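Colleague:
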Amino acid sequence: MFLEPNNLAQYTPTQILESAAQGHVGLDHRFLHSLVDRRDEALPAVLGFAKRDRDSDAVDLTPELIALLRHWRTPEAVPCLIDYIWEDPEEIADEVIEALVEIGAPAIEPLIALRGELDNSAGEEIDFILDHVKAAAADPSTLEPFDIWAEYPEQADVPIELLSEDERTELLTHPVEAVRLAAAGSFFNRELSDVQKHKLLSAAQHDESAAVRGKCWEALLTATEDNTVVEAMLQRMRAGDVSSLECGGLLVGLSSEADRNEVRVAMNELYETTEGRAKALEAMWRSLHPSFREKFAKHLDDSDLEVRRSAVWGIGYYGIKTELDSLRKLFEDEDLRSDALFAYALAVPGEVSRGRMKGLLTRIEKDARGVSEMEEELVKTALDERLMLAGKEPFFAMQED
Numbered sequence: 002m003f004l005e006p007n008n009l010a011q012y013t014p015t016q017i018l019e020s021a022a023q024g025h026v027g028l029d030h031r032f033l034h035s036l037v038d039r040r041d042e043a044l045p046a047v048l049g050f051a052k053r054d055r056d057s058d059a060v061d062l063t064p065e066l067i068a069l070l071r072h073w074r075t076p077e078a079v080p081c082l083i084d085y086i087w088e089d090p091e092e093i094a095d096e097v098i099e100a101l102v103e104i105g106a107p108a109i110e111p112l113i114a115l116r117g118e119l120d121n122s123a124g125e126e127i128d129f130i131l132d133h134v135k136a137a138a139a140d141p142s143t144l145e146p147f148d149i150w151a152e153y154p155e156q157a158d159v160p161i162e163l164l165s166e167d168e169r170t171e172l173l174t175h176p177v178e179a180v181r182l183a184a185a186g187s188f189f190n191r192e193l194s195d196v197q198k199h200k201l202l203s204a205a206q207h208d209e210s211a212a213v214r215g216k217c218w219e220a221l222l223t224a225t226e227d228n229t230v231v232e233a234m235l236q237r238m239r240a241g242d243v244s245s246l247e248c249g250g251l252l253v254g255l256s257s258e259a260d261r262n263e264v265r266v267a268m269n270e271l272y273e274t275t276e277g278r279a280k281a282l283e284a285m286w287r288s289l290h291p292s293f294r295e296k297f298a299k300h301l302d303d304s305d306l307e308v309r310r311s312a313v314w315g316i317g318y319y320g321i322k323t324e325l326d327s328l329r330k331l332f333e334d335e336d337l338r339s340d341a342l343f344a345y346a347l348a349v350p351g352e353v354s355r356g357r358m359k360g361l362l363t364r365i366e367k368d369a370r371g372v373s374e375m376e377e378e379l380v381k382t383a384l385d386e387r388l389m390l391a392g393k394e395p396f397f398a399m400q401e402d
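Its first residue numbered 2, the sequence shown is counted upward by one per residue in my numbering.
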């Protein structure tokens, strides 16, 4: 069940915790207030929740449970914190130690009892905790108050990436715009089921937010073989009341239809607007239509980061070798390094054959002065993309399989 994040007080603490554990509630100040503001009801719920089997939870709430117990600084929390120590007596989380120290004297006897049940190796850690607990109990003024609010943002979206496709589809009608936006974005560049297509198309046509409508049109990029979807997109494009925000996503979704003159005209018109240029350039490079080839190089020094990013991808996908030096310079740009690496792998000269891919990878790593493990995977993906654009089987993905 997805809860209304701005009105969590209508739910019980147990419902809130269960929902958060399934990734249905963002972990933010609203979540905290729904528990902290009714301590007498929430504390037993937190203690009970900590005891249940949480192996199947999408989100591990252990840090949140400990933070709440630290905030309340109640002796009732001690058995729960001792249980956390029992899970791994030689690797005790700092937050558990700090919670016991802040609770003070009521934690001493349970820790002494625990010490008697552990061997010397694990017991040394308990001795360390006991020393600090006793010192804090003797002089509480040495403790700095724990600020739970500083640990969390005022507002946070639900963790979309942890949810199932059915759950993400359900979120397309969530009352919070940011959640609907994230849900729609999670379907981008994915094969869509009929249900997902229907839900995205409905949201694209009827959502009150231009940003959400645009993101839904964008997510329908992989559904343009469906005539119903394409006709709906074209009908919306022809309307005269489409904002730049919605139009950008709409034209990205229509990028595979750039052989239609009216689609290219719309892309060029959006490109001429400052607020729509980044999305227009993205739609252009995704289309791979030859008429857009000269659009990208001139924007590599644009003042808008997203325009520069789209220009980098355009250089890569159009294989504009005259701009390779510009891409190499961007290896030093922390905002665009990964984009530049991908584009460079697409554009760098070399025979496009599976047998040459390892050599190209080595060359790119050298030109980039080394790459991280994540960057290496990115470059491999780009090289496989290059092969597929040439109508050939990927190389690195096949190796992993």
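For each residue, glycine too, the CB sits at the ideal point set by N, CA and C. Note that the coordinates shown come from a computational prediction; the quantities given were computed from them, not determined experimentally.
1. According to DSSP, is GLU376 helix, strand or coil?
2. Is it true that the segment 324-343 meets the segment 300-316, where meeting means three or more beta-carbon pairs spaced less than 8 Å apart?
3. Taking just the CA atoms, how far does LEU101 sit from HIS34?
4. Please name the residue, chosen from THR275, LEU289, ARG116, that lies closest to SER257 on a Cα-to-Cα basis.
5. Please confirm if the segment 151-166 is in contact with the segment 111-125, defined as three or more CB-CB distances below 8 Å between the two stretches.
6. Can you tell which of ASP56, LEU112, ASN7 has its C-alpha closest to the C-alpha of GLY124?
7. Look at THR15 and ALA46 and say whether their C-beta atoms are less than 8 Å apart.
8. How about the segment 164-171 and the segment 124-136: do they share at least three Cβ pairs that are nearer than 8 Å?
9. Can you tell me whether TRP314 is buried or exposed, with buried defined as 16 or more other CB within 10 angstroms of its CB?
10. GLY215 and GLU247 - do their beta-carbons sit closer together than 8 Å?
11. Can you give me the start and stop residues for the alpha helix (DSSP H) that LYS200 sits inside?
12. Nearest-angstrom Cα distance between LEU379 and PHE188?
13. Apply the 10 Å Cβ neighbour rule to PRO350 and answer buried if 16 or more other Cβ atoms are within range, or exposed otherwise.
14. Among the candidates LEU222, ASP340, ALA398, ARG239, whose CA atom is the shortest distance from the CA of ARG287?
15. Starting from the Cα of ILE130, find the closest Cα among ASP95, THR170, THR143, ARG71 and give me that residue.
16. Whose CA, out of ARG71, ALA312, ALA21, lies closest to the CA of PHE50?
17. Taking buried to mean at least 16 other C-beta atoms within 10 Å of its own C-beta, is SER373 buried or exposed?
18. Quick one: what does DSSP say THR13 is sitting in, helix, strand or coil?
19. Quick one: grab the DSSP three-state call for MET2.
20. Return the first residue and the last residue of the alpha helix (DSSP H) that GLN236 is part of.
21. With DSSP collapsed to three states, give me the class of PRO90.
22. Just reading off the alpha helix (DSSP H) that TRP218 is part of, what are its end residues?
23. Give the straight-line distance between the Cα atoms of LEU4 and LEU70, rounded to the nearest whole angstrom.
24. Sort MET238, TYR12, VAL180, ASP385 by Cα distance to MET399 and report the nearest one.
25. In its own chain, which residues sit with a C-beta less than 7 Å from the C-beta of VAL213, not counting the 5 before and 5 after it?
26. Identify, in the order they occur along the chain, each residue of the same chain with its Cβ nearer than 6 Å to the Cβ of GLU324, setting aside the five sequence neighbours on each side.
27. Report the CB separation of MET234 from GLY254 in whole angstroms; it is logged as a contact under 8 Å.
28. In the DSSP assignment, find the unbroken alpha helix (DSSP H) run with ASP302 in it and report its ends.
29. Measuring alpha carbon to alpha carbon, tell me which of GLU376, ALA157, ILE17, PRO107 ends up nearest GLU42.
30. Quick check on ASP167: does DSSP put it in helix, strand or coil?
31. If we call anything under 8 Å between Cβ atoms a contact, is LEU271 one with SER245?
32. For ARG309, which residues in the same chain have their Cβ closer than 7 Å to its Cβ, ignoring the five residues on either side in sequence?
33. Buried or exposed, going by whether 16 or more other CB atoms sit within 10 Å of the CB of LYS296?
34. With a threshold of 8 Å on Cβ separation, who are the neighbours of THR225 within its own chain once the five nearest residues in sequence on each side are excluded?
35. With GLY27 and ALA157 assumed to form a contact (beta carbons below 8 Å), what rounded beta-carbon distance in angstroms separates them?
Modeller: Answer, in terms of the structure:
1. helix
2. yes
3. Those two C-alpha atoms are separated by around 23 Å.
4. Cα-wise, what sits closest to SER257 is LEU289.
5. no
6. LEU112
7. yes
8. no
9. buried
10. Going by C-beta atoms, GLU247 is nearer than 8 Å to GLY215.
11. Its alpha helix (DSSP H) spans residues 195-207.
12. 20 Å
13. exposed
14. LEU222
15. Of the candidates ASP95, THR170, THR143, ARG71, the one whose C-alpha sits nearest the C-alpha of ILE130 is ASP95.
16. Closest option to PHE50, Cα to Cα, is ALA21.
17. exposed
18. Reduced to three states, the DSSP call for THR13 is coil.
19. coil
20. 228-239
21. coil
22. 211-220 is the span of the alpha helix (DSSP H), which, as asked, contains TRP218.
23. Taking C-alpha positions only, LEU4 is separated from LEU70 by approximately 23 Å.
24. ASP385
25. GLU178, ARG181, LEU182, ALA185, ALA204
26. ALA298, ILE316
27. Contact between MET234 and GLY254 is confirmed by a C-beta separation of about 6 Å, below the 8 Å threshold.
28. It is not in any alpha helix (DSSP H) - ASP302 carries neither H nor E in the DSSP assignment.
29. ILE17
30. helix
31. LEU271 places its beta carbon less than 8 Å from that of SER245.
32. By the criterion of a C-beta distance shorter than 7 Å, ARG309 is surrounded in its chain by HIS300, LEU301, ASP303, LEU337, once the five residues flanking it on both sides are discounted.
33. buried
34. Same-chain partners within the cutoff: VAL231, MET234, GLY254, LEU255, SER257, GLU258.
35. A Cβ-Cβ separation of about 4 Å places GLY27 in contact with ALA157 under the 8 Å criterion.
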